[in-house]
Every structure is written in structure tokens, then in C-alpha cells.
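Notes follow the structure.
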Amino acid sequence: MKTLNFTGLNSELTLNVVNALAQLLADFQIHYTNLRNLHWNVRGHGFFIMHEKYEELYDDAAAKIDEIAERILQLDGTPESRFSAYLKVAKVQELDVPETGCNAVEYVLDTLKTLIAQEREVLRLAADAGDEVTVALMSDYLKEQEKTVWMLVAFNSPKCAK
């Protein structure tokens, strides 16, 4: 029995959404691991602030990973669960230990730029499929992430602009 039989969504149209969500899932998994790296290896000025912020960000990423995987299942897809498979398709790359705190925040900003672009594409595909649930999910992500971008830019700009 398929979930889509009960929700009234078109399986051909939702397949595009599932594929875009699968890409987003892979990128969020790599981003989550990178955020753990930043949390563990943060040093210097701003340590207390950024150590806590990275934890907040990876907790948020973990929640989004679960939501994305569950949404794939709700659309009759199967979420990937192997990290080796994520590494093959992810646009977000594994992060070495950053040299400075400024580089770390720039990494987060660059990754959020990638994720936001992907979420906008998922939103577009979901709207085309009449999938209001995925549209709402992506809209919520965008709202949160745009605020995070604004805050990280404000935090990073004055001391890293030199």
C-alpha cells in the first residue's frame, strides 16, 4: 500500500520532489558532520559563543535531517542512509579543521547558501506537484536559515573584514 494513494499527490510529479529531497538530505548529512567538527575544534576569541552556536546549528541540522528523511518516506521514496553514498553525491564537501574562526563562519555561510538554493528548488518542485506539506517545510527552513545568515554575517563582518 502506498501513502500517495491516500494523499492524492501525483507520483510522477512527487518523484522530482523526492529526488531533490534526497540531494538535500545528503548535503545536510555532510553539513551536520562538518558542524560537529567546528564545534569540537573551535578555538580562540569567541570560543564560548561559537562553541554553543555550532551545537545549536548541528542540533537543528539533525532535526532537519530526520524531517527530510521522513518526508521522503511520506512521498513513497526511500531515504539513503549510507554516509558513503552521501559523499558521492553531496555538493557540500567534508571540512578539514578550519584555520580561523572567520573561516569557520564563512564555511557555514557558504553552506547555507548552497542549502538555501536547494531548498528553493525543492519548494518550486513541490509547488508544481501540489505538495503543500513540502512547500511549508521548505518555507520554514528558509525563514530560519535566512535569519541565521543575517546573524552570522553581522557576527563575522566587523572582525573579519580586514
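The sequence shown: position 158 = 158 (UniProt numbering), numbered continuously.
No residue lacks a Cβ here, since even glycine has one placed at the ideal position from N, Cα and C.
Could you tell me the boundaries of the alpha helix (DSSP H) in which Met50 lies? Counting along the chain, the alpha helix (DSSP H) containing Met50 begins and ends at Phe47 to Gln74.
So which of Leu123, Ser157 and Asn156 has the shortest CA-CA distance to Asn19? Among Leu123, Ser157 and Asn156, the Cα nearest to that of Asn19 is on Leu123.
From this set, Asp27, Met151 and Val97, which residue's C-alpha is nearest Leu84's C-alpha? Before going on, a small fix: residue 84 reads as Ser here, not Leu. Taking only the C-alpha atoms, the option nearest Ser84 is Asp27.
Where Asn10 sits in the DSSP three-state scheme: Secondary structure at Asn10: coil, using DSSP grouped into helix, strand and coil.
Can you tell me where the alpha helix (DSSP H) with Lys91 in it begins and where it stops? Counting along the chain, Lys91 falls outside any alpha helix (DSSP H), and DSSP gives it neither H nor E.
Which value, in whole angstroms, describes the spacing of the CA atoms of Ile72 and Leu4? 11 Å
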